[in-house]
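Below you'll find the structure, written out as C-alpha cells, and then a few comments.
Number of protein chains: 2
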Amino acid sequence: MSQARPMRNPNMADVAAAAGVSAQTVSRVFRDSPNVSPETRRRVLAAVEKTGYRFNSAARMLSSGRSHTIGLVLLQSGGYYSRAAVTAGVEHAAGEAGYAVSIATIAALDTGLMERSLTKLADQGVDGIVIAVPLLHATQKMADITRDIPTVTLDGSRTSDARVLGIDQQEAGRVATQHLLDLGHRQVWHVSGPDEWIEARQRRQGWEECLRAAGIEPPPPLEGDWSPESGYRQGQIIAMIPDVTAVFAASDEMAFGVIRAMRERGRAVPDDVSIVGVDDIALAAYCSPPLTTVRQDFYRFGAAAVALLLDDAGAGDSVVPATLSVRESTAPPH
Amino acid sequence: MSQARPMRNPNMADVAAAAGVSAQTVSRVFRDSPNVSPETRRRVLAAVEKTGYRFNSAARMLSSGRSHTIGLVLLQSGGYYSRAAVTAGVEHAAGEAGYAVSIATIAALDTGLMERSLTKLADQGVDGIVIAVPLLHATQKMADITRDIPTVTLDGSRTSDARVLGIDQQEAGRVATQHLLDLGHRQVWHVSGPDEWIEARQRRQGWEECLRAAGIEPPPPLEGDWSPESGYRQGQIIAMIPDVTAVFAASDEMAFGVIRAMRERGRAVPDDVSIVGVDDIALAAYCSPPLTTVRQDFYRFGAAAVALLLDDAGAGDSVVPATLSVRESTAPPH
DNA sequence: AGAGCATATGTTATCGATGCCATCTCTAAC
DNA sequence: GTTAGAGATGGCATCGATAACATATGCTCT
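Structure follows, in C-alpha cells:
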C-alpha cells in the first residue's frame, strides 16, 4: 500500500501498468479511438481513477503538435458588454470542444501591440486565434506570425489573410434609423463609434443608407469612442443645433451620454429629442429614461467564431439578427 | 541558401548550429542565465533572428515542469465592471512577468462547476490559479485538485487551503453609509448582493457597523443579485415604506434599479430619497441622476493577486482604499 | 480451408527544451 | 608556482504522450 515512488505524478505508463495494458492503449482511450474494446476501456478508466492520473497536456502538445488551446485577443479597456458576451461565447464553445482559451489583451488599437499579442499566443502554440478586436491594417508581420495558425477576425478588415466573421452591423444601423423615421422624424443625427472599428463604420453606413432610401441627406456624423464621456461631448454639440429631434448613437453607453447632454441643455428625452442606442446592456431598461436600443446576440457570435475555427465545414453564414427593443427614449416628434 | 529541411520549424539545435554554440547555451540565453558572455548572447540572438526560431512552450513545460501559465476562474455572467477590471489587472501583471493567462468560466456559483473548471486548468498544467469568483464551500475535491498548484482566491472563503486576497469591503460599506449619515439621514436601508458573495457580506457588515456606531439599529437588508432588475424589485418594496430617505445599494447597477423603482412610485432622487452605489462604472456619472458611488481599484487588485502568486515574498497587505465619488444622487433629507 | 480484412493491442522512435554534471579557461591569492 | 574558485560552455539523459509501424486475433467470403 505504501508508495514506492517519491512525489512523481502518475503517468500513462503507471496507468497502463495498473490496467494491465500498454501505454498506447491508454492513450487511445483518452482520444476516443474507435478501436478499443469496451472491456479494456473500462479497465483503463478504473486504473485512471485508482492511480489518480492527471493528464499532461504539455507532453501531448509536444508529441502531437497540437495544444488544444485557442487564443483570444481582447481589447483591455473593458466595459463593452458586447465584447464580454463574445468572450463568454468563445470560452463556452471552446470548452465544449475540449479546447482551452488563452487570452491576450491589448491596451489600444495599435498594430505594434497587436503583433506582440499575436506573438505571445503563437509562442504558446495555440491551435487557432480569435481576434475580437477590429483590425484595420493587417501588417506583413502579423501575417507571418499567423501563417500556420488558423485565425478568425471578428468584424475585422478583409485585408488580412484571416477568415472574417461578421455580424451584419449595417442592419443594426438600418433598424435603429428606420424606427425613428417610422415615428415621424424627418432627420436623424448620428454619434458613431471610432472610425477604426468596422462595427462603427457599418452601423454608420446602415444609418446613411436608410436615410438616403427615404430621400433624406444624412447630416455629418459625430465620432465618439464608445464611452459615455464621448457621447456626452458630442451630445453637447448636437444640443446646440436647433432642429434636431432624433439621434442614433452607436452604443448604449454613448446614448446615455447624449441624453445627459440634451437634458443639461433643456432638451427633454423623448419629448424634444428621441435617442436610440445599440447593445441592450443590462442597464438600458433601468436608467432614465429606459433606452430604446438594438440588441444583437454577441454570445452566439463568439461561439460561431470557434465553430468556424475548429471545423472548417459550414458555419459560413452567421447572420445574427438585430432586434429592436423599443422603450421610452423614443417618441414621435411634436 | 535553399532550405534542406522540409517544413519543420527551427528548434534550439538549429539556432545553436547557426550560432556555433551548443543548444544548452541557447537555452541559457533565453532564461537570462547570468553565466553567458555578452558576445555569445549576441551571436545567439542573431542566429535566432536569422533562423526565424519560435519558442516551443510545450517542450519547455515538459522538461521544466512549469508552464508559465496562470489560470483564471471567472464567472460567465459578465457585466460586472469590477470583474472585468480584475481580469485586465491579472492579464497585465501576468504578461509583464512572462506568464500567459488561461481562462475558465463558470456559469453559476456551483461547486460542481467550480471543480470542473479547476480540473480543466489543472490539466492544462497551469502554474497558479486565481479564483476571481467568491467561493464559499471549498470541497475536498477542490483541495485535491489544487494541492500542487498555488492558488489565490479573491474575496473567497477562508475555509479553502488557498491563499486569500481581499479588499476591505467593509470599508466600502462604511464610507457609503457614513456619507449618508453625514448628510443628516437618520436611517439607511441596504440592498445587498447575494449572500454567497463575500463582497456582499462584507459591505453589509460595514453598513451595519456604521449604523450601530451611530446608535442606529439597522433595518433588515434586502438581497439582490447585482443585476439592475434585482435592484428594481427590491426598490419597489422599499418604495412602499413611508419614511425611507436613504438607500445604500451594493452595486451601481442595483442602485439604478432602485432609482427607477423610487421614481415610478413618485419618490424623487435625491430630493425624497438619496442613493449610493458601489463600483463607479463608466455610466455612473452620465445616467440620471449622476450616481454617488464608492470606487475601488479592482485593476490593481487583480495585479496584486498575480504578484502574490508569483513571488511569495511581500505583497501581503493589499488594502486598496475606497474612494467616494459624490455626485447628484445624494442630498440632505428635508 | 485459406485468403483477405477489420479490430484490438504492443513496440519503438520521436517531439524540443532543460537539469545535472563534466569540462575548460581564466584570475586571484597564498 | 600552485591551488582554489568563479565564469563560460558542452554532453547526455529525461520529461510524458503520440505517430508510425508491427503484430495478433477473430471473422467473413469464396
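Protein sequence lines correspond, in order, to chains Y and G. As numbered in the working numbering, residues 5 to 338 make up the first sequence, in order. As numbered in the working numbering, residues 5 to 338 make up the second sequence, in order. We put the CB at the ideal spot given by N, CA and C, even for glycine.
Linking V48(Y) to R45(G) through their CA atoms gives a straight-line distance of about 48 angstroms. Under DSSP, H194(Y) forms a beta bridge with F252(Y). DSSP, reduced to helix, strand and coil, places S71(G) outside both helices and strands of the structure shown, so it counts as coil. Under the Cβ criterion (8 angstroms, minimum of three pairs), the segment 58-76 of chain Y counts as touching the segment 104-121 of chain Y. When Cβ-Cβ separations below 7 angstroms define contact, Q80(G) makes contact with chain Y.
Between the segment 197-208 of chain Y and the segment 216-234 of chain Y there are three or more C-beta pairs closer than 8 angstroms, enough to call the two in contact. Contact check for Q206(Y) against Q182(Y) fails: the beta carbons are separated by 7 angstroms or more.
For R299(Y), the pairing in a beta bridge is given by DSSP as T327(Y). Collapsing the DSSP output to three states places S278(G) in a strand.
For F59(G), the C-beta contacts it makes with chain Y under 7 angstroms involve D127, in order along the chain. Chain Y has no Cβ within less than 7 angstroms of the Cβ of Y303(G). Collapsing the DSSP output to three states places E221(Y) in coil.
For the pair E332(Y) and H194(Y), the Cα-to-Cα distance works out to about 19 angstroms.
The segment 261-276 of chain Y makes no contact with the segment 264-279 of chain G, as fewer than three CB pairs between them are under 8 angstroms. Rounded to whole angstroms, the separation of the alpha carbons of R299(Y) and A288(Y) is 11 angstroms. Contact check for Y57(G) and V94(G): beta-carbon distance about 29 angstroms, past the 8 angstroms limit, so the pair fails to qualify.
Identification of chain Y residues near R267(G) by a Cβ-Cβ cut-off of 8 angstroms yields S292, ordered along the chain.
At least one CB atom of chain Y sits nearer than 7 angstroms to the CB of A104(G). For M118(Y), not one C-beta of chain G is nearer than 7 angstroms to its own C-beta. With a beta-carbon spacing of about 4 angstroms, T296(Y) and T334(Y) fall inside the 8 angstroms limit used to define contacts. Within the same chain, Cβ atoms closer than 6 angstroms to the Cβ of P294(Y) are found at R331 and E332, the five residues on either side in sequence being excluded. Residue contact check for T109(G) against chain Y: a CB pair falls below 7 angstroms. Residue-level contact check: R167(Y) does not touch chain G, since none of the beta carbons of chain G fall below 7 angstroms from its beta carbon.
Shown here, V137(G) sits in coil according to DSSP, grouped into three states, outside any helix or strand. Interface flag for F34(G) against chain Y is unset, since no Cβ pair is found closer than 7 angstroms. The beta-bridge partner set that DSSP reports for A104(G) consists of T73(G). With fewer than three CB-CB distances shorter than 8 angstroms, the segment 211-229 of chain G does not count as touching the segment 247-254 of chain Y.
Put simply, the backbone Cα of A97(G) is about 8 angstroms away from that of G306(G).
With respect to the C-alpha of A311(G), the residue from R237(G), T143(G) and L169(G) having the closest C-alpha is L169(G). Contact annotation for P14(Y) against chain G: no contact, minimum CB-CB distance about 13 angstroms [criterion: below 9 angstroms]. For the pair Y290(Y) and F34(G), the CB atoms are not nearer than the 7 angstroms cut-off. The secondary-structure analysis by DSSP pairs T109(Y) across a beta bridge with L78(Y). Interface residue (Cβ-Cβ distance to chain Y less than 7 angstroms): E95(G) is classified as such. Contacts with chain Y (Cβ-Cβ distance below 7 angstroms) from the segment 207-231 of chain G involve S231, listed in chain order. Q144(Y) counts as exposed, since fewer than 16 other C-beta atoms from the protein chains shown sit within 10 angstroms of its C-beta. If the five residues before and after A27(Y) are omitted, its C-beta is found closer than 6 angstroms to the C-beta atoms of M16, A17 and A20, all from its own chain and listed in chain order.
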